[in-house]
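This report concerns only the one structure given below.
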Amino acid sequence: MQTLTIVLAIALISVASAKVCFCPQVYLPVCHVKTGEILYSNECFAQCYHDDMNEIIPCHLFKNKQEPVRDECICSQEFNPVCHKTTGNQLYSNECFARCYHENMNELVLCSDYKKQSKNDDDCVCTFIFEPLCNDKDQIMFGNECLARCAKVNLKTLHKC
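The numbering of the sequence shown is our numbering, which starts it at -17 and goes up by one.
Structure, rendered in structure tokens:
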């Protein structure tokens, strides 16, 4: 009887210390960004169990487990906008889209972290609907037309991406 009590106590301690994640049983695997190795069955489990989400991307972004494919991305609709570090223009609706479509992440910062340098920028109010405008080199310049107008950019120099 005493042995059973000890075994149950150990089992309860193990269960109590284990992290419990409530994630959907959907198989959309995520991989290590450098090796392409499958780490978790979906992003929810990765967020629950993995410390550094910068090491993880959706596995479908890998071609032959060598290099990420950047032409298609499956990202959540979470809105946590990413801006250009210098101009403050919102470019992407969240970091996932930024990682998928932007070559140099050092140029970007979360918009919430961007400190506006001009008080005139506060006068312009835009939605954060992501309908990007690109320049003639197909680089995303603005997250939507309103943001481009607020920056006083000639819209004729831009097109929908």
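Backbone N, C-alpha and C define an ideal beta-carbon position, used for all residues, glycine too.
Keep in mind it's a predicted model, so treat the numbers as computed, not measured.
Distance, residue j Cα to residue i Cα
{"i": "CYS116", "j": "VAL12", "result": "29 Å"}
{"i": "HIS42", "j": "VAL135", "result": "36 Å"}
{"i": "CYS108", "j": "GLN72", "result": "10 Å"}
{"i": "CYS26", "j": "LYS1", "result": "13 Å"}
{"i": "SER75", "j": "SER94", "result": "12 Å"}
{"i": "ASP120", "j": "ASN62", "result": "23 Å"}
{"i": "ASN126", "j": "CYS5", "result": "33 Å"}
{"i": "ILE20", "j": "ALA80", "result": "22 Å"}
{"i": "GLU89", "j": "PHE124", "result": "14 Å"}
{"i": "PRO114", "j": "TYR22", "result": "31 Å"}
{"i": "CYS132", "j": "CYS3", "result": "43 Å"}
{"i": "LYS138", "j": "ASP118", "result": "10 Å"}
{"i": "ILE111", "j": "THR17", "result": "34 Å"}
{"i": "HIS14", "j": "GLN29", "result": "13 Å"}
{"i": "SER100", "j": "LEU10", "result": "Because SER100 carries a pLDDT of 38, less than 50, the predicted location of this residue cannot be relied on, and the following value inherits that uncertainty. Approximately 43 Å between the Cα atoms of the pair."}
{"i": "PRO40", "j": "ILE56", "result": "8 Å"}
{"i": "GLY70", "j": "TYR96", "result": "6 Å"}
Identified DSSP bridge partners for residue i
{"i": "TYR162", "result": "No answer is possible for residue 162: it lies beyond the span of the chain, which begins at -17 and ends at 143."}
{"i": "PRO11", "result": "In the DSSP output, where bridge partners are listed per residue, PRO11 has none listed."}
{"i": "LEU115", "result": "PHE124 and LYS142"}
{"i": "LEU90", "result": "HIS66"}
{"i": "ILE38", "result": "HIS14"}
{"i": "ILE20", "result": "CYS13"}
{"i": "TYR74", "result": "VAL64"}
Local conformation of residue i per DSSP, three classes
{"i": "LYS138", "result": "helix"}
{"i": "HIS32", "result": "coil"}
{"i": "HIS66", "result": "strand"}
{"i": "PHE4", "result": "coil"}
{"i": "CYS106", "result": "coil"}
{"i": "ALA80", "result": "helix"}
{"i": "ALA130", "result": "helix"}
{"i": "CYS57", "result": "coil"}
Any non-hydrogen atom of the ligand ZN closer than 7 Å to residue i Cβ
{"i": "GLY70", "result": "For the structure depicted, the ligand ZN is absent and the ligand set is empty, with no information on it obtainable."}
Presumed contact (8 Å Cβ cut-off) between residue i and residue j, rounded CB distance
{"i": "ILE122", "j": "CYS143", "result": "6 Å"}
{"i": "CYS128", "j": "VAL91", "result": "That pair is no contact at about 20 Å."}
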